[in-house]
Structure formats: C-alpha cells, structure tokens
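Peer 1: Going by our numbering, the sequence shown opens with residue 4, and the numbers climb by one from there.
I have a structure here, written as structure tokens, and I will follow up with some questions on it.
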Amino acid sequence: MKEFTLVSGTKIPALGFGPDEYGYTPHPGKVHRDLVHRAFRKLKRVTIGYPRYIDSVAAAFRTGYRLFDFSAAYGDGSLITKAIKKSGVSREEIMITTRVSNRAQFNGKIEEELQRQLRGFQTDYVDVLMFHWPVTDHYEDTWLKMLELKEKGYCKILGVANCHQHHLERLKEISGVYPEIDQFEMHPLFTQKSLRDFCKEKHIQVEAYSPTARQDDRLMNPPKLKRLAQKYNKSITQIILRWHIQHGVIPVIRSLTPVHQREDFHIFDFEISSEDMQSIDDININARIRYDPDNCDFTAL
Ligand SMILES: NC(=O)c1ccc[n+]([C@@H]2O[C@H](COP(=O)([O-])OP(=O)(O)OC[C@H]3O[C@@H](n4cnc5c(N)ncnc54)[C@H](OP(=O)(O)O)[C@@H]3O)[C@@H](O)[C@H]2O)c1
Numbered sequence: 004m005k006e007f008t009l010v011s012g013t014k015i016p017a018l019g020f021g022p023d024e025y026g027y028t029p030h031p032g033k034v035h036r037d038l039v040h041r042a043f044r045k046l047k048r049v050t051i052g053y054p055r056y057i058d059s060v061a062a063a064f065r066t067g068y069r070l071f072d073f074s075a076a077y078g079d080g081s082l083i084t085k086a087i088k089k090s091g092v093s094r095e096e097i098m099i100t101t102r103v104s105n106r107a108q109f110n111g112k113i114e115e116e117l118q119r120q121l122r123g124f125q126t127d128y129v130d131v132l133m134f135h136w137p138v139t140d141h142y143e144d145t146w147l148k149m150l151e152l153k154e155k156g157y158c159k160i161l162g163v164a165n166c167h168q169h170h171l172e173r174l175k176e177i178s179g180v181y182p183e184i185d186q187f188e189m190h191p192l193f194t195q196k197s198l199r200d201f202c203k204e205k206h207i208q209v210e211a212y213s214p215t216a217r218q219d220d221r222l223m224n225p226p227k228l229k230r231l232a233q234k235y236n237k238s239i240t241q242i243i244l245r246w247h248i249q250h251g252v253i254p255v256i257r258s259l260t261p262v263h264q265r266e267d268f269h270i271f272d273f274e275i276s277s278e279d280m281q282s283i284d285d286i287n288i289n290a291r292i293r294y295d296p297d298n299c300d301f302t303a304l
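Printed below as a string of structure tokens:
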C-alpha cells in the first residue's frame with residue numbers, strides 16, 4: 004500500500020477505510036416505539052446485524068486496509084475490536100483513528116469519552132485523535148485538551164475534521180501548532196482547491212471523507228467519467244479514489260460489501276494522466292453533500 008508522510012515523519016496509508024456506525028443508513032426508516040417491536044429489532048440486531056457488520060469490517064482488514072476511521076459519535080469501538088480479532092490482523096498493524104464527539108465537546112467530558120473508546124478498542128492508545136467538528140465556542144478548548152491527551156500518551160497523532168482555513172489558523176494562534184491532518188468532505192463535485200492549497204502550504208495532510216460523494220448520481224453517470232473508466236479499465240469509483248491519491252489526499256471510503264472493498268483497494272496499479280486529472284478537477288460544481296461547518300447545527304451532528 005502506498006503511504007504518505009506526515010509532518011512529524013510518521014508514515015500513513017494513502018487509503019483509509021471507515022465503516023461508519025453499525026446500522027448506518029442515509030435514509031432511516033420509521034422509528035418504532037412499540038415495545039415488542041423494539042425488542043424484536045434488538046434481537047435481530049444482536050443475532051444478525053452485529054455479526055454481519057463484524058464480518059464485513061473483518062473482510063476489509065483482510066483485504067489490506069490499515070488506516071481505520073471511526074468516531075466516538077459512531078459507537079464505543081467494541082464491534083470493531085471483534086472485527087480486528089476475527090480478521091487475524093494484529094491491532095498494531097492498524098492505524099486507528101477516532102474522533103471527539105460534539106456531545107463531549109459540549110459537556111467537557113473529552114477524556115472520559117476517549118477512555119471509553121480505548122476500553123471498546125481494547126487498547127491503551129489510538130493512533131490518530133481528531134475532533135469531529137469545530138463546534139463554535141468549544142473547538143479551541145477541545146484542541147487544547149487534545150494536546151494534553153497526546154502528552155498523556157492516549158494518541159500519537161493529532162488531527163481535526165471539518166476545519167476551514169480560519170479554524171486551522173485559530174488553532175495555530177492559540178497553541179502554536181497546526182494539526183497534522185484535516186479530514187473534510189471532498190470529491191470531484193466539491194474539490195476544495197483553496198483549502199487543499201492552504202493545507203499543502205502548512206504541511207497538513209488532507210483526508211477526504213465522502214470521497215465518492217456517496218455514489219451520487221451526478222458523479223456516477225456523466226459520460227466523462229464513464230469514458231475514463233473505460234480508458235483505464237477501472238470502475239468510476241476506482242478512478243475517483245485514484246484521483247484523490249494523485250492529489251496527495253487520503254480518501255476514506257466506506258463499504259460494507261467485500262467485493263466493493265476489494266475493488267476500492269485495487270487502485271495502486273495505474274496512473275491517471277495529468278490531462279485526465281485536470282478533466283476530473285473540472286467536474287467541480289462546489290456541491291457539498293454534507294454539512295458546512297460554518298453553517299450547521301452542531302447539536303444535531
Ligand atoms: N469527519 C466527518 O465528519 C465524516 C463525515 C462523513 C463521513 N466520514 C468518514 O468517511 C467515510 C466515508 O464517507 P461516506 O460514507 O460519507 O461516503 P463514501 O465512502 O463516498 O460512500 C459510501 C457508499 O459508497 C458505496 N461504495 C463504496 N465502494 C463502492 C463500490 N466500489 N461500488 C459501489 N458502491 C460503493 C458504499 O456501499 P457498500 O457498503 O455497498 O459498498 C456506501 O454506500 C465514513 O464511513 C466515515 O468514516 C467522516
């Protein structure tokens with residue numbers, strides 16, 4: 004697997020994997036409040052849902068993914084620990100990322116939340132600690148607390164997520180350092196050129212979440228990407244993931260389908276020409292599919 008080098012000299016895989024929380028669905032169904040229904044759903048979750056989720060995540064580790072993406076907002080990590088064990092890959096081989104939830108930023112219980120995560124992951128450190136969102140009036144204190152947690156040995160690398168340039172500058176102003184990583188939404192519909200340029204100048208590694216815009220039709224159907232897929236004998240998803248990496252960005256893909264996981268992993272045996280890179284850049288329409296950190300309700304995320 005290709006790797007990038009962080010400003011501290013640490014090597015990091017060029018492709019990340021994030022399964023999101025168990026049961027994640029972009030279109031949640033009706034919430035059943037009836038007791039019997041809830042008990043049935045719980046039984047189904049424990050007997051069918053959890054084992055399937057664990058199997059899928061284990062398959063990703065077996066395929067070779069080593070940069071793992073998670074958040075306290077997604078759960079306590081115990082299902083992931085089972086997946087790691089099931090995969091036969093050792094914990095030390097996996098770079099575990101987790102994030103401070105907005106809830107912990109609001110209630111100040113950041114250390115307690117991280118300790119819960121560590122218990123869930125059955126480990127005494129995570130590799131990368133980020134905050135999930137730059138929660139207004141809280142993210143500066145969160146960052147200072149994260150620096151303390153790093154000093155205590157809870158994590159090796161500090162990153163952030165969803166930070167614009169002004170957030171990054173503020174963090175540098177209050178602490179004297181930039182985070183090593185900023186993870187934000189990026190894909191060909193939303194290329195984030197100026198933020199990426201800023202990060203490059205400040206040696207901040209970019210990670211792209213929603214790297215395929217969750218397979219948005221506007222990305223999966225245009226003839227231009229279909230032609231490129233044909234030209235390189237790859238799928239559109241593979242072309243997009245490769246485009247990220249050639250921009251020096253780490254795409255963090257979600258897939259619970261092992262055949263997709265394998266497809267997404269096999270992107271290191273071809274190179275997109277600079278002309279074709281430019282034509283993918285030109286798809287940009289500045290369309291976010293997720294939230295704008297400068298204009299969202301942090302209590303709902
Ligand atoms: N920091 C943040 O605020 C933040 C926000 C959002 C996401 N994230 C992270 O980024 C990760 C990925 O983002 P995302 O889930 O929003 O977007 P995404 O990875 O662009 O899209 C995920 C979707 O793509 C499908 N997919 C993956 N590979 C495929 C393939 N080869 N062929 C067909 N479909 C494929 C998956 O379905 P299958 O499961 O069927 O393959 C899934 O429905 C998350 O899991 C999370 O770790 C972070």
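Yeah, the Cβ is synthetic: ideal placement off N, Cα and C, and Gly gets one too.
Quick check: the Cα distance between PRO16 and LEU9, rounded to an integer number of angstroms?
Peer 2: Counted from its first residue, the sequence shown places residue 16 at position 13. Counted from its first residue, the sequence shown places residue 9 at position 6. Looking at the two C-alpha atoms, the distance is approximately 10 Å.
Peer 1: Under the assumption that GLN208 contacts VAL255 (Cβ atoms under 8 Å), give the Cβ distance between them as a whole number of angstroms.
Peer 2: Your numbering for residue 208 matches position 205 in the sequence shown. Your numbering for residue 255 matches position 252 in the sequence shown. 12 Å between Cβ atoms; not a contact.
Peer 1: How is ARG55 classed by DSSP in three states: helix, strand or coil?
Peer 2: Counted from its first residue, the sequence shown places residue 55 at position 52. Looking at ARG55 - three-state DSSP - the assignment turns out to be helix.
Peer 1: Given that a residue counts as buried once 16 or more other Cβ atoms are within 10 Å of its Cβ, and exposed if not, what is LEU384?
Peer 2: This structure does not reach residue 384, given that the chain is present from 4 up to 304, and the question cannot be answered.
Peer 1: Rounded C-beta distance between GLU210 and GLY19? I'm assuming under 8 Å.
Peer 2: Position 207 of the sequence shown holds residue 210. Position 16 of the sequence shown holds residue 19. That belief holds up - the Cβ atoms of GLU210 and GLY19 are roughly 6 Å apart, short of 8 Å.
Peer 1: Measuring only the C-alpha atoms, how far is ILE99 from SER90?
Peer 2: Start at 1 with the first residue of the sequence shown, and residue 99 comes out as number 96. Start at 1 with the first residue of the sequence shown, and residue 90 comes out as number 87. Each residue's Cα considered, the two are about 15 Å apart.
Peer 1: Got a sec, what are the start and stop residues for the alpha helix (DSSP H) ASP284 sits in?
Peer 2: Counting from one through the sequence shown, the residue named residue 284 turns up at place 281. That run of the alpha helix (DSSP H) goes 277-284.
Peer 1: Would you call the stretch 125-135 and the stretch 93-112 touching, i.e. three or more CB-CB distances under 8 Å?
Peer 2: Yes: at least three Cβ pairs fall under 8 Å.
Peer 1: For the candidate residues LYS227, GLU183 and GLU24, whose alpha-carbon lies nearest to that of ILE57?
Peer 2: As a first step, residue 57 must be located in the sequence shown, where it is residue number 54. When each option's Cα is compared against that of ILE57, the closest is GLU24.
Peer 1: In this structure, how does DSSP classify PHE273 when only helix, strand and coil are distinguished?
Peer 2: Along the sequence shown, one-based indexing puts residue 273 at 270. In the structure shown, PHE273 sits in coil (DSSP, three-state: anything other than H, G, I, E or B).
Peer 1: Any heavy atom of ligand 2 closer than 6 Å to the CB of GLY21?
Peer 2: Although ligand 2 was asked about, the structure shown includes only ligand 1 as ligands.
Peer 1: DSSP three-state label for GLU24, please.
Peer 2: Here residue 24 refers to the residue found at position 21 when the sequence shown is read from its first residue. The answer is coil: DSSP assigns GLU24 none of H, G, I, E or B.
Peer 1: Grab me the residues of HIS170's own chain with a C-beta within less than 8 Å of its C-beta, minus the 5 sequence neighbours each way, in chain order.
Peer 2: Within the sequence shown, the letter at position 167 stands for residue 170. Excluding residues within five positions, the ones whose Cβ falls inside 8 Å are PRO137, TYR142, VAL163 and PRO296.
Peer 1: For the stretch 255-269 and the stretch 142-154, state whether three or more C-beta atom pairs, one from each stretch, are separated by less than 8 Å.
Peer 2: Cβ pair count under 8 Å is below three, so no.
Peer 1: Going by alpha carbons, who is nearest to GLN313 out of ILE113, LYS159, LYS148 and LEU82?
Peer 2: Outside the modelled stretch of the chain, which goes from 4 to 304, sits residue 313, for which no answer is possible.
Peer 1: Please classify PHE273 as buried or exposed, where buried requires at least 16 other C-beta atoms within 10 Å of its C-beta.
Peer 2: Against the sequence shown, residue 273 aligns to sequence position 270. Under this definition PHE273 is an exposed residue.
Peer 1: Is it the case that the CB of VAL255 approaches a heavy atom of ligand 1 more closely than 6 Å?
Peer 2: Here residue 255 is taken as the residue at index 252 of the sequence shown, counted from 1. For ligand 1, at least one heavy atom lies less than 6 Å from the Cβ of VAL255.
Peer 1: Does ILE243 pass the burial test, meaning 16 or more other C-beta atoms within 10 Å, or should it be called exposed?
Peer 2: Mapped onto the sequence shown, residue 243 falls at position 240. Its Cβ being crowded by 16 or more others within 10 Å, ILE243 is buried.
Peer 1: When you compare each of SER197, GLY21, TYR181 and GLU6 to PRO214 by their alpha carbons, which one comes out closest?
Peer 2: Walking along the sequence shown from the start, residue 214 turns up at place 211. Looking at the Cα atoms, GLY21 is the closest of the given residues.
Peer 1: Is the stretch 278-286 touching the stretch 164-184, taking contact as three or more C-beta pairs under 8 Å?
Peer 2: Flag = no, the stretch 278-286 and the stretch 164-184 do not touch.
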